[in-house]
Amino acid sequence: MTLETFAFWILAAYTLFAAYFVVTARNLFRCAVGLAAALIGIAGLYLLMEATFLSSIQVAVYVGGVVVLVVFAVLMVEDVTQKEFLRSPLSRCLLASVVAELLLAIIAGTMLSQGFGAHRPPHASADVRVIGHALLSTGPGGFVLPFEVISLVLVAALVGAITVAGKPGDDYEKPEED
Amino acid sequence: MHPGLEHYLILSALIFSFGVYGMLTRRNLVAMLLCVELVLNAAALNFVAFHRFLFEGDPAGTVFPILIIAVAAAEAAVALAIVIALFRHRRNLDVRAADTLRG
Amino acid sequence: MTGSWFLDHLWLVPLLPFLGALLIALVLRPLTSPRVCSGAAIAAVSGSAVVGWGAAFAYFAHHTGETLVPWQTLWLAFTPSFAGNVGVIADDLSMLLVMVVTGVSLLVHIYSTGYLHGEGGYSRYFASLNLFTCSMLGLVLSVSILQIYVFWELVGVSSFLLIGYYWDKPSAVAACKKAFIVTRFADLGFLLGVLVLSAYAGGLDFAHLADPATIARLEGVTLLGTSALTLAAVLIYMGAAGKSAMFPLHIWLPDAMEGPTPVSALIHAATMVVAGVYLVARLFPIFSATPEGMTVVMVVGTFTSLFAAVIAVTQFDIKRVLAFSTLSQLGYMMLALGVARMESPLGYTASLFHLATHACFKALLFLGAGSVIHAVHTNDIREMGGLRRKMPITHATFLIACLAIAGVPGFSGFFSKDEILAAALHGGHPVVFSVALLVAGLTAFYMFRIYFMTFTGEPRDHHKFDHAHESPPSMWVPLAILAVPSVLLGFVPFGSFVYRGEVEHAGIDFAIAIPATLAGLAGIGLSALLYGRKSGAPAKVAASLGFVYRAIAAKFYFDEIYLFVTHRIIFRFVSAPLAWFDRRIVDGAMDLSAQASRLGGAYLRRMASGRLQTSLLLVSGGAGLLMLFLILAGQPLFIALSVAGYVAIAATVGRQIVLLLLGRTEPLKRITRD
């Protein structure tokens, strides 16, 4: 067993455990922390696959940006440390697990039936330079259009978020009137 | 046993199904959002795995996770704005209470 | 176009009464007084009569023998070549009928204002009367057989409304239903005939149907082992026989006397019942081409005329005597048509001549009878008598009408009957001729029987007699007006106006006129002998005839036979199983589908709960199942799943069917939101 193999199994177990925690934790704040842990585990897996740039983005943007945003929101809206939120009824949980397992079975079955196992190239993933060229290239295999679209999406999302969350509209019910 | 493509794919499928299960069972909107992030990451993991093991020279496998991260950020921003608005309006984030679309 | 304003605007004739009916029913009746309604109705019919008579005079003055179509438009184009027009036709036949219908209708409208004065439903009555006039005029002016069929049914409906005018009287309700159902049943034949005829002739317009080329083409066609032409003619004749109350479809007409008497005068004497005669006359070229069809027309007509005349002798209800007399006279017209051919069309002219004269004197008789009934409040002639002194005008006009129908020389009925008899004899039908002669005698006998019992002798019911009085002017003026053509119409040279083929005017043939006159006078004399003075003779005669008399008085038990056939046989063995089938199977299938939709909807409704996670669950589960099916398609598991699905559906439907057959399904409810 090489170090890489060992690292994979450790990271896989860790990520799965964190994901499980996200799904089952009874407290919103813990969920967010669990997500951060899972994302870090996935960043580790990227590293294992020699996608170093992705791994750093995953940690910096995802964990440092998105998850922190979520945590802020959580802290804004609810007294998270004290409140445990409601659980779905058992029937719903069973149904959901059936659906999830069905999807899992289909995906896993499809993946395993393709015969990917034999192929394994040695190493060397795309480095930052290649990624940067690809993102800004207008030629074949270039991604400049998705790149610009995604930047537009981001701007729109930010403006929209400010509009939605910014000012209370007419339908705002003042707490003292409740 | 040395980890191959299939290992990563199965792992991502597991994370995906965890995310689906969470989306279907968590009754808090923010928690559902977190589960959606799990699903997105499972997809991104698949991209990287395929890139690593099958399409070595093609940068698409690394570009797409970046785009996914950007989309996730946008999604998180909008979703959280909605969550805040909803919370202001209802003082509650229970998804079962939000059924104005009922037919 | 035709040089006459009236002819060009012939379409106003049916339109005006229709507008009148609409106006009265929708505006005037709720908003104004009954008097305004009757005024509007009379105005509408007057307008129609002015246009109609103007058009008729213009036609007979300048266009006799031509067929004009002042207005028509394409109505139903099934295929470019197979299309039905709607419009108004102007030929001798339609113009004659327009004159009769508008004239009698106008007089009946006026008469009704007096007869129904102060009764409930007065405005409704006038609306219905206008509607009837409209449909009858539309019928006689039709340019295509499909248009005739539509107006034919409209006539049936408005007649239904009018017979059922006294809707709080059960017998009137039964009578209007009976009239409608019997004629409707006959119209089934008419419809089939229309279909057969138009399908083989390739058109619906009379212009096309009456074309000799079309008929020549049709003559070779066979259908169901017989000539298509004969089949079509007999089927159409079935409809005509229903409306004209020919045996054995005559049963509705005597009962229809439950309607107000002016209605009887209009519908059951002058207009609607002659629609059958009109129809046969309209399709005369077609009937003429099928000797078998004409034989049916002739035999049925002859038999009906004799059969009804025999029954009329025994009846005591004045209106029923007149009803059976109408049947008999309609049989006369039919037999005249039946003996006519394109080559010897005397019967055609005679039939329509008799139609016109009969319309006048029979309407007069009915209106006179109505005047009597109005005065004494009974229909039974055994309670009348001696009314001559109390009601001089009614008496005089009634006598004129009786003389006319009895065929006394100089009166209109004499000329038309004479022509019918001549047509029968010259057409080579001596049996028909002798039966018609016998009927002429019988007619004179029973008409004078009611005349003597009503107007002469001593009053039998003094209470009623004392109350009797002459009717108001609105009633006797129409009587007086109708009396004029009842006398004079016979002197019109009818044969040079209304004819088919060669004009052949016989004039008075004394070999026929003398026996006919003698038959009439014999009937009158016998009647005078038996009923002219008070005697026990009629009762003795009746007693000596015994069972025969009872059978005749019971109208040969035809109503009972019909009742037995319908109630005991058709209802029990045909209708009841059909009703069960309809309720349980047909309705049940509808209920089943409704219940299934409802249950399915109730289940599906839960999916649209508006909840995020439920939708998500359904979407992801559905996506998963779809992928599963795609992967497993064609494999045993997939087939097993499909079979299981079908079995589940079948089981649900089966459960519903079982519940349905047990009558346990819940009635459909409104779905309420919880």
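Residue numbers (our numbering), protein chains in the order written: chain H, 409 to 586; chain U, -2 to 100; chain X, 60 to 733. Each residue gets a CB set at the ideal place from its N, CA and C atoms; glycine is no exception. Since this is a predicted model, take the numbers as computed values, not measurements.
request  = Please look up how many angstroms separate the CB atoms of X:VAL199 and X:TYR337, rounded, as I've assumed it's under 8 Å.
outcome  = Your numbering for residue 199 of chain X matches position 140 in the third sequence. Your numbering for residue 337 of chain X matches position 278 in the third sequence. Taking a contact as a CB-CB distance under 8 Å, the pair X:VAL199 and X:TYR337 counts as one, their CB atoms being some 6 Å apart.
query = For X:PRO463, does the count of other Cβ atoms within 10 angstroms reach 16, so buried, or fall short, so exposed?
reply = Along the third sequence, read from residue 1 onward, the residue named residue 463 of chain X stands at position 404. The amino acid occupying residue 463 of chain X in the given sequence is Ala; Pro does not appear at that position. Around the CB of X:ALA463, 16 or more other CB atoms lie within 10 Å, so the residue is classed as buried.
task = Count the other CB atoms, across all protein chains shown, that sit within 10 Å of the CB of X:LEU622; report buried if there are 16 or more and exposed otherwise.
result = In the third sequence, counting from the first residue as 1, residue 622 of chain X sits at position 563. Exposed.
ask   = Which of helix, strand or coil does DSSP assign to H:THR410?
value = Position 2 of the first sequence, counting from 1, holds the residue named residue 410 of chain H. H:THR410 falls in the coil class under three-state DSSP.
request  = For the beta strand (DSSP E) containing X:VAL280, list its first residue and its last residue.
outcome  = What you label residue 280 of chain X is simply residue 221 of the third sequence in a count that begins at 1. Taken as a continuous stretch (DSSP letters only), X:VAL280 belongs to no beta strand (DSSP E), as it is neither H nor E.
ask   = Of all the CB atoms in chain H, is at least one closer than 7 Å to the CB of X:GLY681?
value = As a first step, residue 681 of chain X is located in the third sequence; it is residue number 622 there, counting from the start. Cβ-Cβ to chain H under 7 Å: no for X:GLY681.
query = Nearest-angstrom Cα distance between X:SER203 and X:LEU263?
reply = Residue numbering aside, residue 203 of chain X sits at position 144 when the third sequence is read from its first letter. Residue numbering aside, residue 263 of chain X sits at position 204 when the third sequence is read from its first letter. Cα to Cα, X:SER203 sits roughly 5 Å from X:LEU263.
ask   = When DSSP labels each residue in this structure, what does X:ALA667 get in the three-state scheme?
value = Looking up residue 667 of chain X in the third sequence gives position 608. X:ALA667 falls in the coil class under three-state DSSP.
key: Proximal residues, the stretch 683 to 703 of chain X versus chain H, C-beta separation under 9 Å   = Under the 9 Å Cβ criterion, the stretch 683 to 703 of chain X contributes GLY683, LEU684, MET686, LEU687 and ILE690.
key: Buried versus exposed, by CB contacts within 10 Å (16 or more), X:THR138   = The residue labelled residue 138 of chain X in the question sits at position 79 within the third sequence. Classification for X:THR138: exposed.
query = Which ranges would you report for the beta strand (DSSP E) in the stretch 105 to 131 of chain X if only whole runs of at least 3 residues count?
reply = Taking only runs of at least 3 residues, no beta strand (DSSP E) segment lies wholly in the stretch 105 to 131 of chain X.
inquiry  = Using a 10 Å radius around the Cβ and a threshold of 16 neighbouring Cβ atoms, would you call X:ILE620 buried or exposed?
reply    = Counted from its first residue, the third sequence places residue 620 of chain X at position 561. By the neighbour-count criterion, in which 16 or more other beta carbons inside 10 Å mark a residue as buried, X:ILE620 falls on the exposed side.
ask   = Roughly how many angstroms lie between the CA atoms of X:TYR174 and X:GLY197, to the nearest whole one?
value = Translated into the one-based positions of the third sequence, residue 174 of chain X becomes position 115. Translated into the one-based positions of the third sequence, residue 197 of chain X becomes position 138. Cα to Cα, the separation comes out at about 27 Å.
query = In angstroms, rounded to a whole number, what distance separates the CA positions of H:TYR422 and X:SER679?
reply = Taking the first residue of the first sequence as 1, we reach residue 422 of chain H at position 14. Taking the first residue of the third sequence as 1, we reach residue 679 of chain X at position 620. H:TYR422 and X:SER679: Cα-Cα distance of roughly 27 Å.
query = Alpha carbon to alpha carbon, what distance is there between U:VAL36 and X:LEU687?
reply = By one-based count along the third sequence, residue 687 of chain X stands at place 628. By one-based count along the second sequence, residue 36 of chain U stands at place 39. Those two C-alpha atoms are separated by around 20 Å.
query = Going by Cα to Cα distance, which pick from X:VAL104, X:SER194 and X:MET154 is closest to X:SER164?
reply = Taking the third sequence and counting its residues from 1, the one referred to as residue 164 of chain X is at position 105. Among X:VAL104, X:SER194 and X:MET154, the Cα nearest to that of X:SER164 is on X:VAL104.
query = Which residues share a DSSP beta bridge with H:SER464?
reply = Against the first sequence, residue 464 of chain H aligns to sequence position 56. Answer is none; H:SER464 lacks a bridge partner.
Where U:ASN25 sits in the DSSP three-state scheme = Taking the first residue of the second sequence as position 1, residue 25 of chain U is located at position 28. It is a strand residue.
request  = Could you pull the start and end residues of the beta strand (DSSP E) that H:VAL475 belongs to?
outcome  = By one-based count along the first sequence, residue 475 of chain H stands at place 67. Where H:VAL475 is concerned, there is no enclosing beta strand (DSSP E), given that its DSSP letter is neither H nor E.
task = Kindly indicate which residue of H:VAL538, H:ASN435, H:GLY523 and H:LEU419 has the alpha-carbon position closest to the one of H:MET457.
result = For the purposes of this step, residue 457 of chain H is identified with residue 49 of the first sequence, where counting begins at 1. Selected option, being the one with the closest Cα: H:LEU419.
message = Residues in the same chain with beta-carbon distance under 8 Å from H:ALA433, minus the five sequence neighbours each way, listed in chain order, please.
response = By 1-based counting over the first sequence, the position of residue 433 of chain H is 25. CYS439 and GLY442, listed in sequence order.
key: Through-space distance from X:TYR505 to X:ALA238, alpha-carbon basis   = Position 179 of the third sequence, counted from the start, is the residue given in the question as residue 238 of chain X. Position 446 of the third sequence, counted from the start, is the residue given in the question as residue 505 of chain X. Rounded to the nearest whole angstrom, the C-alpha separation of X:ALA238 and X:TYR505 is 25 Å.
task = Report all residues from its chain with a CB closer than 7 Å to the CB of X:LEU220; omit the five preceding and five following residues, and keep chain order.
result = In the third sequence, residue 220 of chain X corresponds to position 161, counting from 1. Correct list, in chain order: SER187.
ask   = Can the beta-carbon of X:THR735 be found less than 7 Å from the beta-carbon of X:SER475?
value = Outside the displayed range of chain X (60 to 733) lies residue 735 of chain X, so it cannot be described from this structure.
query = Given that X:LEU676 touches chain H, what residues does it touch there, using C-beta distances under 7 Å?
reply = Working through the third sequence from its first residue, we reach residue 676 of chain X at position 617. Result: LEU503, ALA504 and VAL507.
message = Counting only Cβ pairs nearer than 9 Å, list the residues of chain U close to H:SER496.
response = For the purposes of this step, residue 496 of chain H is identified with residue 88 of the first sequence, where counting begins at 1. Listed by position along chain U, the residues whose Cβ is nearer than 9 Å to that of H:SER496 are LEU21, THR22, ARG23, ARG24 and ARG93.
ask   = Going straight from the alpha carbon of U:PHE15 to that of U:ASN25, what length do you get?
value = Indexing the second sequence from 1 puts residue 15 of chain U at position 18. Indexing the second sequence from 1 puts residue 25 of chain U at position 28. When rounded, the distance between both Cα atoms is 16 Å.
query = What first and last residue would you give for the alpha helix (DSSP H) that runs through X:ASN144?
reply = As a first step, residue 144 of chain X is located in the third sequence; it is residue number 85 there, counting from the start. It is not in any alpha helix (DSSP H) - X:ASN144 instead sits in the beta strand (DSSP E) that spans 142 to 149.
inquiry  = Quick check on U:VAL17 - is its C-beta less than 7 Å from some C-beta in chain H?
reply    = Residue 17 of chain U sits at position 20 when you count from the first residue of the second sequence. Closer than 7 Å to the CB of U:VAL17 there is at least one CB belonging to chain H.
request  = Taking U:ALA67 as the query, report the chain H residues whose CB atoms sit under 7 Å from its CB, ordered along the chain.
outcome  = As a working note, residue 67 of chain U is residue 70 in the second sequence. Chain-order list of chain H residues neighbouring U:ALA67: ILE558 and LEU562, by C-beta distance under 7 Å.
ask   = The alpha helix (DSSP H) with X:ALA84 in it runs from where to where?
value = In the third sequence, the residue the question calls residue 84 of chain X occupies position 25. Under the DSSP assignment, X:ALA84 falls outside any alpha helix (DSSP H); it carries neither an H nor an E label.
query = Using the C-alpha atoms, what's the distance from X:LEU446 back to X:ASP376?
reply = Taking the third sequence and counting its residues from 1, one reaches residue 376 of chain X at position 317. Taking the third sequence and counting its residues from 1, one reaches residue 446 of chain X at position 387. Cα-Cα distance, rounded: 16 Å.
inquiry  = Quick check for students: name the residue ranges of the alpha helix (DSSP H) that lie wholly in the stretch 345 to 415 of chain X, counting only runs of 4 or more.
reply    = Listed in chain order, the complete alpha helix (DSSP H) runs (minimum 4 residues) inside the stretch 345 to 415 of chain X are 350 to 373 and 377 to 398.
ask   = If you run the structure through DSSP and keep just helix, strand and coil, what is X:TRP134?
value = In the third sequence, counting from the first residue as 1, residue 134 of chain X sits at position 75. Strand.
Range of the contiguous alpha helix (DSSP H) that encloses X:MET506 = Numbered from its first residue, the third sequence carries residue 506 of chain X at position 447. Run containing X:MET506: 489 to 514, per the alpha helix (DSSP H) assignment.
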